[in-house]
Amino acid sequence: MISRFQIAYKNLLRKKTRTLLTLVGIMLSSWVLVSLLGFNRGYEQALNRDIDNMGYQLMVMAKGCPYEAATMMLQGGTGLRYIEQSMVDSIVDKPEVDKVTPILMQAFFDPNKGDGGGIAGYFGIDPATFPAMKPFFRFRQGGWFRDDEAFEAVMGYEAAELEQREVGDMILVPEKNVQLKVVGILERTGTQDDGTIFAPLKTLQKISGIDKITTIGIKVKKDADSAKLEAALYQLPDVQVVSFTQVKETIMKLISTARVMVLSIAIIALLIAMVGVVNTILMSVLERKQEIGILKTMGAMPGDIFRLVWTETLILCASGGVAGIGLAFLFARLSDILVRRILPYAPGGELVAIDMRIACLTLAVIVVVGLLSGIYPAWQAGRVRPLESIRSEG
Amino acid sequence: MRVKARFLVYVLFALLMLFSVAVVQAFAAVGCDLNDPDRDVARLFPDSTGYRTTYASIDKRGGEPLLRRVETRLGERFHGIYETIDVPYTIYAIYNGKRKVGYIHGVNQKGQFGGIQVFVALDMEGRIKSFYIQKMTSQWAKKLRGSRFGRQFTGLTLKDFEPYDPVTGKGSGKVAEIRNPAPEAETDFRAALRAVKKNLILMDEFVYATGEGKP
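Note that the protein sequences, when read in sequence, are chains L and D. Residue numbers for the first sequence follow the working numbering, so the first one is -9 and each next one is one higher. Residue numbers for the second sequence follow the working numbering, so the first one is 435 and each next one is one higher.
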């Protein structure tokens, strides 16, 4: 015996173009919805990963000093301010602190980069404490420095690619004309470390003629009160404290408005698609009024007709939803690239993270909203009067 | 209905192509672009009124056989890590009105202390109009980037560079006459010559030998 699904399916195939267009509408709206939900999840995950990849949750630096390599480059290294290295000792003893590492950022002017010259940035790091902060670093070639005063450098992948350096090659610190031997090249990390050149802290201090540092990276103990530590650090003279948890919260707040707007657009798209569903099913019911009348004269109850028409809605919404989710999975990488181009700040890693949970949730939303939209046409079909409909002109 | 279905398949296929291109671009090796194309094109080609940018790679233009041919013509194999088959080369086609008047093309080259970016401006016959080192890290970079050194390349063609051996640094004819303004920087001087030879070979393979070089 032919099932209700088969009848509903055959009914939908009667007007192929109309069904196809309705399907495309549902497909597009579910694609947008699932991608947005994936973005919602992916962005936060990627941001957390980026912050974890910093290796430390807090940074202490002199007031007004740029704490990011890009800012340092933009300012041409002129905005650098220094703190005493002894400050490390006063921080390391605090009970909330797990690990501490001193860093010296330096920017040197290279007149032979382009026409107007450019800036070459170096990070002086402590070989004893810095690698432990970045356990995820993997070396493409070589390894860390031989000793803490060696005239050696470790390069991020992109820095090495731009300078065409391999382990054993030399690099020249501009302005100072000091040569450093490349002893390690890192794998890509997707962070600013990819474009960084690391040298031992003491070596960079010697090259720059500075015995101070610019930054102290602090890793907080797992269950320690980070806010309490932050407050304590602010008691140190002339320092600013950057908490990456706060940075993350600020970024999330900044993008939350955009997220709400885009989500609203997705909901509007979904509603428009559902109006399309109502229109399609209602048209189909009106066109088949006589047929429904005949079914009723043959003994079909209003509930049977209701269920039959509702099944058509279910098939439309479920197939459109599944197709849209499939497209979202297929084009997740492309959506990622597009989002990355649009956003002013995009963390590394996967930005649009779609998983089965998001896919099922979207499908459920599409089907439920679709079935709700299908109630009216199905109810209209159920209350068709047999004799009136048979007498009416087709 | 069949026509519509076919249309949908085409749209889907086009989107898939776009997707694959975007993914490839996201992980491609680093190329060599002019820092400020508007300014640099006007300086290297004073009579130009506009330019058009195209991209080529050995990978897409001929794969392994092309790579072997380029290496044979160069007289040296490509250096593995950064000098690879998938490096995207940016070719600036230069126009005067609607007439194509030449090309600008740059390559990355390993230097003694860092990457060197060597550009040449070529006329429609492949003759060097001007030579430009965009980036070089060296104590003697000023001399090698100077106009006096650059002028020695003006008028030279790939034919002049053919006898030059980048391994030994020896050549004959016009290339042998090019003087190193900084004898202390012999490595970078040789690197610059190798970069120009590679640059001219690639332009010959990508543009002049294919007929694209015609105005």
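Cβ coordinates follow ideal geometry from the N, Cα and C atoms, glycine included.
Closest Cα partner of residue i within the set the options
{"i": "residue 526 of chain D", "options": "D:605, D:475, D:645", "result": "D:475"}
{"i": "residue 169 of chain L", "options": "L:97, L:159, L:146", "result": "L:159"}
{"i": "residue 344 of chain L", "options": "L:18, L:92, L:28", "result": "L:28"}
{"i": "residue 524 of chain D", "options": "D:502, D:515, D:552, D:490", "result": "D:490"}
{"i": "residue 183 of chain L", "options": "L:126, L:36, L:342", "result": "L:126"}
{"i": "residue 519 of chain D", "options": "D:531, D:530, D:532, D:504", "result": "D:504"}
{"i": "residue 352 of chain L", "options": "L:313, L:72, L:101", "result": "L:313"}
{"i": "residue 237 of chain L", "options": "L:308, L:40, L:101, L:81", "result": "L:40"}
{"i": "residue 231 of chain L", "options": "L:96, L:81, L:350, L:155", "result": "L:81"}
{"i": "residue 306 of chain L", "options": "L:110, L:36, L:271, L:114", "result": "L:271"}
{"i": "residue 142 of chain L", "options": "L:124, L:174, L:120", "result": "L:174"}
{"i": "residue 610 of chain D", "options": "D:618, D:616, D:586", "result": "D:586"}
{"i": "residue 622 of chain D", "options": "D:561, D:549, D:506", "result": "D:549"}
{"i": "residue 1 of chain L", "options": "L:298, L:106, L:33", "result": "L:298"}
Assigned exposure category for residue i - 16 Cβ within 10 Å defines buried
{"i": "residue 217 of chain L", "result": "exposed"}
{"i": "residue 220 of chain L", "result": "buried"}
{"i": "residue 535 of chain D", "result": "buried"}
{"i": "residue 15 of chain L", "result": "buried"}
{"i": "residue 76 of chain L", "result": "exposed"}
{"i": "residue 286 of chain L", "result": "buried"}
{"i": "residue 455 of chain D", "result": "The predicted model places residue 455 of chain D with a pLDDT of 38, which falls under 50 and marks its position as unreliable; any figure quoted below should be read in that light. Classification for residue 455 of chain D: exposed."}
{"i": "residue 358 of chain L", "result": "exposed"}
{"i": "residue 177 of chain L", "result": "exposed"}
{"i": "residue 458 of chain D", "result": "A caution first: residue 458 of chain D carries a pLDDT of 38, below 50, which makes its placement in the model unreliable, though a value can still be read off. By the 10 Å Cβ count, residue 458 of chain D comes out exposed."}
{"i": "residue 488 of chain D", "result": "exposed"}
{"i": "residue 302 of chain L", "result": "buried"}
{"i": "residue 513 of chain D", "result": "exposed"}
{"i": "residue 593 of chain D", "result": "exposed"}
{"i": "residue 251 of chain L", "result": "exposed"}
{"i": "residue 631 of chain D", "result": "buried"}
{"i": "residue 601 of chain D", "result": "exposed"}
{"i": "residue 628 of chain D", "result": "buried"}
{"i": "residue 112 of chain L", "result": "buried"}
{"i": "residue 579 of chain D", "result": "buried"}
Residue-level contact to chain D via CB, residue i, 8 Å cutoff
{"i": "residue 152 of chain L", "result": "yes"}
{"i": "residue 239 of chain L", "result": "no"}
{"i": "residue 103 of chain L", "result": "yes"}
{"i": "residue 187 of chain L", "result": "no"}
{"i": "residue 167 of chain L", "result": "yes"}
{"i": "residue 161 of chain L", "result": "yes"}
{"i": "residue 164 of chain L", "result": "yes"}
{"i": "residue 40 of chain L", "result": "no"}
{"i": "residue 34 of chain L", "result": "no"}
{"i": "residue 390 of chain L", "result": "One cannot answer for residue 390 of chain L here, as it falls past the ends of chain L, which runs -9 to 384."}
{"i": "residue 100 of chain L", "result": "yes"}
{"i": "residue 302 of chain L", "result": "no"}
{"i": "residue 156 of chain L", "result": "yes"}
Neighbour flag for residue i against chain L, beta carbons, 8 Å
{"i": "residue 479 of chain D", "result": "no"}
{"i": "residue 586 of chain D", "result": "no"}
{"i": "residue 547 of chain D", "result": "yes"}
{"i": "residue 571 of chain D", "result": "yes"}
{"i": "residue 503 of chain D", "result": "no"}
{"i": "residue 469 of chain D", "result": "yes"}
{"i": "residue 541 of chain D", "result": "no"}
{"i": "residue 544 of chain D", "result": "yes"}
{"i": "residue 575 of chain D", "result": "yes"}
{"i": "residue 464 of chain D", "result": "yes"}
{"i": "residue 486 of chain D", "result": "no"}
{"i": "residue 582 of chain D", "result": "no"}
{"i": "residue 628 of chain D", "result": "no"}
{"i": "residue 579 of chain D", "result": "yes"}
Below-8 Å beta-carbon distance, residue i vs any chain A residue
{"i": "residue 516 of chain D", "result": "Here chain A cannot be found, since the structure's protein chains are L and D."}
Residues that residue i bridges to, as DSSP identifies them
{"i": "residue 227 of chain L", "result": "Paired residues: none, contrary to the question."}
{"i": "residue 94 of chain L", "result": "L:114"}
{"i": "residue 99 of chain L", "result": "L:109"}
{"i": "residue 525 of chain D", "result": "D:488, D:539"}
{"i": "residue 49 of chain L", "result": "L:207, L:232"}
{"i": "residue 190 of chain L", "result": "L:115"}
{"i": "residue 557 of chain D", "result": "D:536"}
{"i": "residue 604 of chain D", "result": "D:599"}
{"i": "residue 566 of chain D", "result": "D:553"}
{"i": "residue 87 of chain L", "result": "L:210"}
{"i": "residue 466 of chain D", "result": "D:523"}
*Give, in chain order, every unbroken run of the alpha helix (DSSP H) that is at least 4 residues long and sits entirely within the region 147 to 183 of chain L.*
Listed in chain order, they are 147 to 153.
*What runs of the beta strand (DSSP E), each 3 residues or longer, lie entirely inside the region 117 to 145 of chain L?*
Runs of the beta strand (DSSP E) inside the region 117 to 145 of chain L: 129 to 132, 142 to 145.
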